[in-house]
Amino acid sequence: MKHSFFFHKRNVSLASYAALAVFAAVFLLSHCGKGMDEREARARKAAKNKGNIVIGVVSPLKLKPAIDSYRQGIELALEELNGFNKVLGRKIEIIHKDDEGMVDKGRIIAQEFSSNPDMTAVIGHYNSYISLQTAIIYEYYGLLMMSPHSRSPEFPWQSFHLVFQNAVSDEKSMREIMQYLKSKKLNRFVVYYVKDAYGYSLAQAFEKCAQDFEISIVDSRSFDPSSHARYFANDLKFWKSNFSFDGIFIACLSKEGIEIISEARKLGMKTTFICGPGLATRDLLGRRDVATEGTIVATYFHPNDPRPEVKKFNESYEKKYGYAPDSEAALGYDTLHVLAEAMIRAGTTVPEKVAEELRRLKNWSGATGLHNFNLEGEVTGKSVYICVVRNNRLELIQSSEPPL
1 MKHSFFFHKR
11 NVSLASYAAL
21 AVFAAVFLLS
31 HCGKGMDERE
41 ARARKAAKNK
51 GNIVIGVVSP
61 LKLKPAIDSY
71 RQGIELALEE
81 LNGFNKVLGR
91 KIEIIHKDDE
101 GMVDKGRIIA
111 QEFSSNPDMT
121 AVIGHYNSYI
131 SLQTAIIYEY
141 YGLLMMSPHS
151 RSPEFPWQSF
161 HLVFQNAVSD
171 EKSMREIMQY
181 LKSKKLNRFV
191 VYYVKDAYGY
201 SLAQAFEKCA
211 QDFEISIVDS
221 RSFDPSSHAR
231 YFANDLKFWK
241 SNFSFDGIFI
251 ACLSKEGIEI
261 ISEARKLGMK
271 TTFICGPGLA
281 TRDLLGRRDV
291 ATEGTIVATY
301 FHPNDPRPEV
311 KKFNESYEKK
321 YGYAPDSEAA
331 LGYDTLHVLA
341 EAMIRAGTTV
351 PEKVAEELRR
361 LKNWSGATGL
371 HNFNLEGEVT
381 GKSVYICVVR
391 NNRLELIQSS
401 EPPL
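Per our numbering, the sequence shown starts with residue 1, numbered consecutively.
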């Protein structure tokens, strides 16, 4: 029987908000008064500090090789910025931490970073469901947070001044996908999503846009992040036996996504797979098998983008690492560079002033496109590229034009 995604989503949203509200209340009561003192102390120290600019980076190392690419992009940006002391005549110092993809571990790291008076910004957390729980800590203690992947509609961006996200909205990327599907007369889909904030948000955006484009969702199912090949195979067999459809939309990261596609090919399913930016990574390409061939991917980076910023990034990345960058590398690279740009314009690393400059940016151009941040801290202006996997490469088939 078809699952009612929106009913389920509503319950999940209410549960998420309730959990966040309880955590926020407990956190604020247990830290009453302390945060404002540390927030002001951090700002005063940042205003006078002439030493290294300390930035924290949090990501789950278990998500290899996507995290390797992401960190390599950050390291390349760090090398460029420190090569000529470009940021206020000072060096940037990165402190890496692994939150293991766990909320409790993420909170511990957020508390640890917040206790460091020399730290003025954090790039993280990688997972939306962890960012949702840690943003209040960074805001309370006066640390600027730039989340590279969080784009969940559940996230209360409007409540914070120091919290930003650098990812294209799910709705924008899904609308681009819908235009492509409609042009190819692909009208019936199954939705398969991981049970976390990223999966829920992306699946919701896909189903909402499907309604707008009169594309049918014949079934919608979720799976736990710990699910394995046998679980995927059972769901795929069910769909193969009971439904007629043109494709399967998968809302998850690359590890699970590739496993789902591989299991489908083993079952002889030739259906088209559609996926979001979470699969636009190196592990989708360069495979010995051809299971992922023909997969449709929405991404915010394409190496053939003719802009000079992309050409420079491609050349620098390949020279340093010996192979072409993917979207994760480009996102890490841009996130550090845009933070540095805001610090330069502010003339200081004081988080409040850097946040103000981020919101004043107008079409700052990076490897992943144009960057503008609205009052809620959400990035706008980036293009979305629709690609297909052919011969272990992402071949561009459609792109959106960023607003002027």
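C-beta atoms are modelled at their ideal positions from N, C-alpha and C, and glycine is treated no differently.
Report the rounded CA-to-CA distance for residue i versus residue j, giving the unit in angstroms.
i, j, result
"Glu309", "Asp326", "15 Å"
"Lys184", "His149", "29 Å"
"Val388", "Ile92", "38 Å"
"Leu396", "Tyr126", "26 Å"
"Glu357", "Ala346", "6 Å"
"Asp98", "Asp104", "12 Å"
"Ile260", "Thr335", "30 Å"
"Ile74", "Val168", "19 Å"
"Phe160", "Ile136", "8 Å"
"Tyr321", "Ile344", "28 Å"
"Ser13", "Tyr129", "Annotation note: pLDDT 46 at Ser13 (below 50); position unreliable, no value reported."
"Ile332", "His371", "Looking at the sequence itself, residue 332 is Gly, so the reference to Ile does not match. The alpha-carbon atoms of Gly332 and His371 are separated by roughly 14 Å."
"Lys311", "Tyr317", "10 Å"
"Glu40", "Pro117", "10 Å"
"Glu79", "Gln72", "10 Å"
"His96", "Arg44", "25 Å"
"Pro60", "Ile67", "7 Å"
"Asn392", "Leu285", "5 Å"
"Arg90", "Gly83", "10 Å"
"Arg42", "Arg175", "42 Å"
"Gln398", "Thr295", "14 Å"
"Glu341", "Thr348", "11 Å"
"Gln133", "Arg107", "7 Å"
"Val354", "Leu361", "11 Å"
"Ala203", "Ile250", "8 Å"
"Lys62", "Ser227", "15 Å"
"Arg188", "Gln111", "46 Å"
"Val26", "Trp364", "At Val26, the pLDDT of 49 sits below 50, so the modelled position is not reliable; the number obtained from the coordinates is stated separately. The alpha-carbon atoms of Val26 and Trp364 are separated by roughly 39 Å."
"Lys266", "Trp239", "14 Å"
"Asn49", "Gln179", "50 Å"
"Val379", "Leu186", "30 Å"
When the distance is taken between beta carbons, is residue j closer than 9 Å to residue i?
i, j, result
"Leu162", "Glu38", "no"
"Leu143", "Met119", "yes"
"Ile248", "Tyr192", "yes"
"Gly381", "Arg359", "no"
"Glu256", "Ala205", "no"
"Val338", "Gly366", "yes"
"Pro225", "Gly124", "no"
"Ala47", "Val350", "yes"
"Ile94", "Gly51", "no"
"Val190", "Thr299", "no"
"Ala229", "Ser262", "yes"
Contact defined as beta carbons within less than 8 Å: I believe residue i pairs with residue j. What is the distance between those atoms, to the nearest angstrom?
i, j, result
"Pro303", "Ala324", "6 Å"
"Asp235", "Ser254", "So it is not a contact: roughly 19 Å between Cβ atoms."
"Leu394", "Ala280", "7 Å"
"Val122", "Val58", "7 Å"
So the candidates are the options; which of them puts its Cα closest to the Cα of residue i?
i, options, result
"Ser115", "Val54, Thr271, Gly377 and Ser383", "Val54"
"Phe245", "Arg175, Ser226, Thr271 and Leu253", "Thr271"
"Ile177", "Asp224, Phe213, Leu76 and Arg230", "Phe213"
"Gly278", "Ile397, Ala47, Met269 and Tyr198", "Tyr198"
"Ser216", "Leu181, Pro60, Arg265 and His337", "Leu181"
"Ser147", "Gln165, Ala47, Thr134 and Glu139", "Gln165"
"Arg390", "Thr292, Pro60, Lys266 and Ala110", "Thr292"
"Ile274", "Cys252, Leu267, Glu263 and Lys266", "Cys252"
"Met145", "Phe113, Arg175 and Met174", "Phe113"
"Ser69", "Ala329, Ala233 and Leu132", "Ala329"
"Ile386", "Ala46, Val354, Lys48 and Gly276", "Gly276"
"Val194", "Phe223, Leu186 and Ser173", "Phe223"
"Leu76", "Phe313, Leu202 and Phe301", "Phe313"
"Ser173", "Pro65, Trp239 and Lys208", "Lys208"
"Ile109", "Asn85, Tyr138, Lys86 and Ser201", "Tyr138"
"Ser131", "Asn374, Pro65, Asp196 and Phe243", "Asp196"
"Gly431", "Leu375, Lys237 and Asn242", "Beyond the ends of the chain as shown, which are 1 and 404, falls residue 431; an answer cannot be given."
From the DSSP output, which residues share a beta bridge with residue i?
i, result
"Thr368", "Note: Thr368 sits in no beta bridge, so no partner."
"Asp219", "Val190"
"Ala121", "Ile55 and Leu144"
"Ala135", "The partner list for Ala135 (beta bridge, DSSP) is empty, contrary to what the question assumes."
"Tyr385", "Thr299 and Ser399"
"Val163", "Met145"
Should residue i be listed as close to the ligand ATP, given that the test is whether its C-beta is under 8 Å from any heavy atom?
i, result
"Ile177", "By its list of ligands, the structure shown contains no ligand whatsoever, and the ligand ATP lies outside what it can speak to."
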